[in-house]
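Below is one structure; the comments refer to it alone.
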Amino acid sequence: MNKTMAILVAVLVVAAGAVAAFTLIPGDDDKVSIPEVAEGTGTVYGNADGNCFIDKVDVAIAESIINGERTLEEFPFADADCSGTVDSKDVQLIKDMINKKDMKVKVLDTQDKIISVQYPIKNPIILSGSNLAPLMNILDFSDIVVGAAYNTLDPVRDYSIYNGIESGKITKIGVNGTAADLDIVSELILKKDADVMLCEYSGMYDLDSDVNITQFNEWGLDVLCMECRDPGDDMRSLAVFGILLDRGENVQDYMKFCDEVYKDIKKVEGDKFGTTTVLVSSLKSSLSGTGSGYYPMSITAGGKNLADWSGSIKSVKVGDVWIFEDKYASDVLFLGASSNYGLAEFTDSDIAAYEERYTNHNAWKNDRAFIFSTSTPVVVRIAYMAEFMYPDLFEDGWANGIHQDFVDKYFDTDYTVEESRFIKKLSS
Amino acid sequence: MDAVSVSDMECEYYASIKKKKLAILAIAILSIIATVCSLFVSQLSTMTISDVMDVLGYHMTGTGDINPVYDMVVWDYNVPRALLGLVVGSSLAVGGAVMQSILRNPLATPYTTGVSAGASMGASLLIYLDFAILWTGGYVSSIAINAIVFAMIPTVAILIVSHQKHITPTTMILAGIAIMYIFSAATSLLMLLADPENVQEAYEWGIGSLGRASWDNIWFVTAVVIPCMVALLLFSKQVTIMNAGNRSAQSMGVRVKMIRNLSLVIIAVMTAVTVGITGGIGFIGLVAPHIARIFVGSDQKYLLPCSAALGSLILIVADAASRIIVPEGMPVGVITAVIGGPIFVLLLIKASKKVWF
Amino acid sequence: MEGIPTEDRVDADYRSYLVRKVIFIIGVLIGCIVVAGISLTINGRGIEFFDCYEYIIKHILGYEYEYRTEDWFNDYVLWNTYMPRVVIAIVSGCGLAICGVIMQSVFSNPLADPYTTGVSDGATLGATMAIVSGLTFANVAGSLGVVINAFIGALVPAVIIILISGAVRLSPATMILIGVALSGVFSGLQTLVMYSADPEELTAALRWGIGSFNQIQWSDCVIPALVTVIGSVLSIFMYRNLNLLTLGEASAKSLGLDVEQFKSLCMVLVAFMAAAIICYVGIIGFVGLISPHFVRMILGGDNKYVIPASMLVGSFFLLASDLIARLVVFPDELRVGLIMSVVGAPIFLYMIVKRKKGYGEVF
Chain Y
4 MNKTMAILVA VLVVAAGAVA AFTLIPGDDD KVSIPEVAEG TGTVYGNADG NCFIDKVDVA
64 IAESIINGER TLEEFPFADA DCSGTVDSKD VQLIKDMINK KDMKVKVLDT QDKIISVQYP
124 IKNPIILSGS NLAPLMNILD FSDIVVGAAY NTLDPVRDYS IYNGIESGKI TKIGVNGTAA
184 DLDIVSELIL KKDADVMLCE YSGMYDLDSD VNITQFNEWG LDVLCMECRD PGDDMRSLAV
244 FGILLDRGEN VQDYMKFCDE VYKDIKKVEG DKFGTTTVLV SSLKSSLSGT GSGYYPMSIT
304 AGGKNLADWS GSIKSVKVGD VWIFEDKYAS DVLFLGASSN YGLAEFTDSD IAAYEERYTN
364 HNAWKNDRAF IFSTSTPVVV RIAYMAEFMY PDLFEDGWAN GIHQDFVDKY FDTDYTVEES
424 RFIKKLSS
Chain L
1062 MDAVSVSDME CEYYASIKKK KLAILAIAIL SIIATVCSLF VSQLSTMTIS DVMDVLGYHM
1122 TGTGDINPVY DMVVWDYNVP RALLGLVVGS SLAVGGAVMQ SILRNPLATP YTTGVSAGAS
1182 MGASLLIYLD FAILWTGGYV SSIAINAIVF AMIPTVAILI VSHQKHITPT TMILAGIAIM
1242 YIFSAATSLL MLLADPENVQ EAYEWGIGSL GRASWDNIWF VTAVVIPCMV ALLLFSKQVT
1302 IMNAGNRSAQ SMGVRVKMIR NLSLVIIAVM TAVTVGITGG IGFIGLVAPH IARIFVGSDQ
1362 KYLLPCSAAL GSLILIVADA ASRIIVPEGM PVGVITAVIG GPIFVLLLIK ASKKVWF
Chain W
-4 MEGIPTEDRV DADYRSYLVR KVIFIIGVLI GCIVVAGISL TINGRGIEFF DCYEYIIKHI
56 LGYEYEYRTE DWFNDYVLWN TYMPRVVIAI VSGCGLAICG VIMQSVFSNP LADPYTTGVS
116 DGATLGATMA IVSGLTFANV AGSLGVVINA FIGALVPAVI IILISGAVRL SPATMILIGV
176 ALSGVFSGLQ TLVMYSADPE ELTAALRWGI GSFNQIQWSD CVIPALVTVI GSVLSIFMYR
236 NLNLLTLGEA SAKSLGLDVE QFKSLCMVLV AFMAAAIICY VGIIGFVGLI SPHFVRMILG
296 GDNKYVIPAS MLVGSFFLLA SDLIARLVVF PDELRVGLIM SVVGAPIFLY MIVKRKKGYG
356 EVF
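Residue numbers (the working numbering), protein chains in the order written: chain Y, 4 to 431; chain L, 1062 to 1418; chain W, -4 to 358.
In structure tokens, the structure reads:
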């Protein structure tokens, strides 16, 4: 054969070999990068990497556990059917979840119980506690909600539920965020095929209607209660709900938003971070302790919380002088009360009640006692705390700007945030 | 025959009177000592006795170098608290002593005509519903005004009814209890519809505490209580005679009905004002007069001062105990109930020996 | 001669007297059934009056429906949510009324009932202590431990009152005052126990104290029903001795009754019944006070009829009060205990102010 022929054949062979190589050997786009460690927020079994999505990465992690590259201890949520081991059944389940097949998934709630929940959620009922409410806007799923229990609705913050109630799409099922009327719920199950009840975990709910959960389950309604009080649990509940409602992107977005705020805080405060001493109260008659949600909040905001009692609160009655001890003489006092977007502001009696207790406190005497609203999202409260603890480091109105950003993003209505409605100085 | 001469009897009589006066004096002195001691009790673990002495010295002589926090705690908190304890303790005990005599029942207390229940209702109205009869800008004083007004209502009601028809003291007691039930039901209704936070506040208020004492409200309470106690002391002779029974008293020229009603009003006013600030501190009005009777007998002329001294002593000691036992301070009403209760039961069980029932 | 009743007249009178009693009892019984029916009708599913009876009867007969259909839900809701309420209302009314009858006879005090004498508060304290601090006198976990604690708690005021009334002749007013004072003690102790509780726990505890039939399950009805049945049977057989007591202690003794022992037995029974009911329902006052009085107004004072009639009347009152409690702020609920207090306290006041000496007691 002549030279040209040989070269042609060689090129063809190489080309054929390359094509074969491409098609036969598993390609790079299936090779997903597995994170080193699971995030641990979206505690849905099957969501191996713990973020807000069930996707190929989770499949890959499960497979890598099967073939021994990784272990179940590193990624406990890869075990989609909670059987104790990861096998092909789990991989299939995860794939079904990606395809949004009608099924039950297992969720680890904030009380460390494993609950079986309908997925994807089509007709939820919600018990809107005061901490769950601000999160609802982020999740933006009110178009599928069929029933809600609430005490009073803030027409601005809770606009989605509010509009739903007004238009009749959403039925009121209870008069506060802790209990649901059985009869009305049964109607919703019957008529509107309600499948899951989402609620904020609260001690009172447990006391009143622990038994109801069993009844609801008998009726085929899954009940998922998640704690929403401190920043960690807040994020976790959001992530879980996000997965179940297919709003992972919203949640991820919000998490980025929060992360940026926290990074900003660290940057602006620099090495002053953690130097200002602070005490926080969320109830008129007590100060929050290390077990309360406000402790980590105040620390994230850059404060040094002087509370040294382990419960969530320690009572402060009028005439108590223990707060005047040197070790509790904080630079700043944050006193919480409810002040809403569309409903009432701080009341005189709230302010008077605090005045009666703290007027001789170090912080009050130095004009550094502030009353703040407990009805805003956690990230906003942290921003306010940071700005008011370090007023000379932050720009005036920085926190308010963040609040306005949040409102612009997640409230459907036009609303201008007035700072004095959400944080105010209490002077002597 | 051993004739007891008149002078012997006179000697005995004067001796017993002297004993009574000594008893009153002794208890009163104890009370003052307890009051002074209570100034040194505080929730601040770092404040020592010498610190307190420094502060007191400063205020008495105007010189000396003191820590402003200690000054504030001792002078703005402890001293008014002690003074209030004195005033309230004696007011409750005196009220109890007189109530027991005019209602002729050893279990009567100043709260028997419904004063405490009315006051709780008034406080609840403010705490739960923000309904203030007169908003003074201060939480404690506004609650106090509500409480005082509502505390007077049951007594006024009973007195009006007693004017219409003849009512025995027993009926008055029972009517007072019935009114207490009614107010209690109304307060429960309010509680059911309220926030847990407010519930805790109202509940604590109702238990009774001296913590709300301050220089602002002390003068008011004292200004009302002292004249009332003096007035009651003025009636003491008549009330002592009333102990013998209405008919006997009337035949001796005592205007029973007028004295009874007037005493009720005075006691109501006095008690309402104290309850308005402290809440319902129980058992002092019940137990102190009985213990006082052990020392000085039933003659109101001695019983009232002795009860006053004893009542203030008990209250001061209870308050100091409540601050020592629980450093964060427990409401004193809890201590008086927990300790007063068994004492009350003991007194009842021993009562079979007394003639008084 | 005119005016002397002939034998026929006496017979006729007696017969009409009996007939009146029977009519009354039947009337109250029918009333109970009707009110129970109305109570079932107040449901969020819109089940009609006669349909309710139908569902209940069918359930008892064993009908079953297809899962998650309208009928299935109706049956489930009626049987599991509303029927237990009806049953517990009947049981509590019955039990508390009997407590009232017994106490009123034993102490010759027309104002006695578990609430006014502090027995209820004692039971509540016992139960609270058991629930909150895990403190039980008996090492029995769960509901039985709570009931036993409540029983011991209820015994305390009962014992105190018996001891005192044994030593001293207590006027009714004094006994009530003792009850008030004891309530004060228990209230102080309760504060001690609840001291470190946070507002929500405290509120839950306080609200639990106000009697309510909310969320009652069938399992909650067992102990109260058992205890009440035992108590009813015992008290019906004791009616003669109770009648004797109303003649006065001296007369009773001379007629052969061991007064001290009998009184103690009665109080133990009362404490037990009150404790069993209060543990599951909370405090409901005035039922024990009013039911016997109402019955005595119509049927006279013979305990042979007063006891059974009071049982029925008590049940009727509680069924009716529960109905009112649910209607007033529908769909929310006011508690039965509250309604009874709001209604009972003024009646108590009225009884005091308008009392006639005709009852034969001296206040």
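C-beta atoms are modelled at their ideal positions from N, C-alpha and C, and glycine is treated no differently.
Proximity of chain W to Leu1408 of chain L at the Cβ level (cut-off 9 Å) is not reached, the minimal Cβ distance being about 10 Å.
For Gly90 of chain W, the enclosing alpha helix (DSSP H) covers residues 78 to 101. The beta-carbon of Gly296 of chain Y is placed no less than 8 Å from the nearest beta-carbon of chain W. DSSP, read as helix, strand or coil, puts Thr119 of chain W in helix. Ile64 of chain Y and Asp99 of chain Y have their C-alpha atoms roughly 16 Å apart. Closest in C-alpha terms to Leu241 of chain Y, from the list Y:Leu201, Y:Val108, Y:Ser430, comes Y:Leu201. Per DSSP, the continuous beta strand (DSSP E) segment holding Lys307 of chain Y begins and ends at 306 to 308. When Cβ pairs closer than 8 Å are counted between the two stretches, the stretch 222 to 240 of chain W is seen to touch the stretch 98 to 109 of chain W, the count reaching three or more. Asn126 of chain Y places its beta carbon less than 8 Å from that of Asp196 of chain Y. When Cβ pairs closer than 8 Å are counted between the two stretches, the stretch 1176 to 1184 of chain L is seen to touch the stretch 1204 to 1220 of chain L, the count reaching three or more.
In the three-state scheme derived from DSSP, where H, G and I count as helix and E and B as strand, Ala340 of chain Y is classed as strand. Neighbours of Thr76 of chain W in chain Y, taken as residues at a C-beta separation under 9 Å, are given in chain order as Leu185, Asp186, Gln218. Considered as a whole, the stretch 204 to 249 of chain W harbours no complete run of any beta strand (DSSP E) with no fewer than 3 residues. Across the stretch 326 to 359 of chain Y, no CB contact with chain W closer than 9 Å is found for any residue. Each residue's CA atom was taken as its position, placing Gln1261 of chain L and Met1252 of chain L some 10 Å apart. The criterion of a C-beta distance shorter than 8 Å is satisfied by Gly296 of chain Y and Arg232 of chain Y. Each of Y:Asn363, Y:Ile302, Y:Gly345, Y:Thr280 was checked against the Cα of Val321 of chain Y, and the nearest Cα belongs to Y:Asn363.
Within its own chain, the residues whose Cβ lies closer than 6 Å to the Cβ of Val1201 of chain L, once the five positions on either side in sequence are excluded, are Arg1273, listed in chain order. In the DSSP assignment, Phe373 of chain Y forms a beta bridge with Y:Phe337, Y:Lys428. Put simply, the CB of Ser1162 of chain L is far from chain W, with every gap to its CB atoms at 8 Å or more. Distance from the CA of Ala1246 of chain L to the CA of Gly148 of chain W, rounded to the nearest whole angstrom, comes to 23 Å. The CB of Gly223 of chain Y comes closer than 9 Å to the CB of Tyr62, Arg63 in chain W, given here in chain order.
Residue contact check for Phe343 of chain W against chain L: a CB pair falls below 8 Å.
By the CB criterion at 8 Å, Ser336 of chain W and Tyr1242 of chain L fall inside the cutoff.
From the beta-carbon of Ser1249 of chain L, no residue of chain Y is found nearer than 7 Å; the closest lies around 18 Å away. Rounded to the nearest whole angstrom, the C-alpha separation of Glu263 of chain Y and Leu396 of chain Y is 17 Å. Two segments are said to touch when three or more pairs of C-beta atoms, one from each, lie closer than 8 Å; by this definition the stretch 417 to 430 of chain Y touches the stretch 373 to 387 of chain Y.
Residue-level contact by beta carbon holds for Ser1106 of chain L and chain Y, with a gap shorter than 8 Å. The DSSP-derived three-state label of Gln1104 of chain L is coil. In this structure, DSSP gives Asn5 of chain Y a state outside helix and strand, which the three-state scheme calls coil. With the rule of 3 Cβ pairs closer than 8 Å, the stretch 136 to 149 of chain Y does not count as touching the stretch 314 to 333 of chain Y. Taking a beta-carbon distance threshold of 8 Å, Asp327 of chain W counts as an interface residue toward chain Y. Per DSSP, the beta bridge partners of Ala151 of chain Y are Y:Ile129, Y:Lys175. A residue is called buried once 16 or more other Cβ atoms fall within 10 Å of its Cβ, and Arg15 of chain W, having fewer, is exposed.
Sequence-distant partners of Gly314 of chain Y (beyond 5 residues in either direction) whose C-beta falls short of 7 Å from its own C-beta, in its chain, are Gly292, Gly294.
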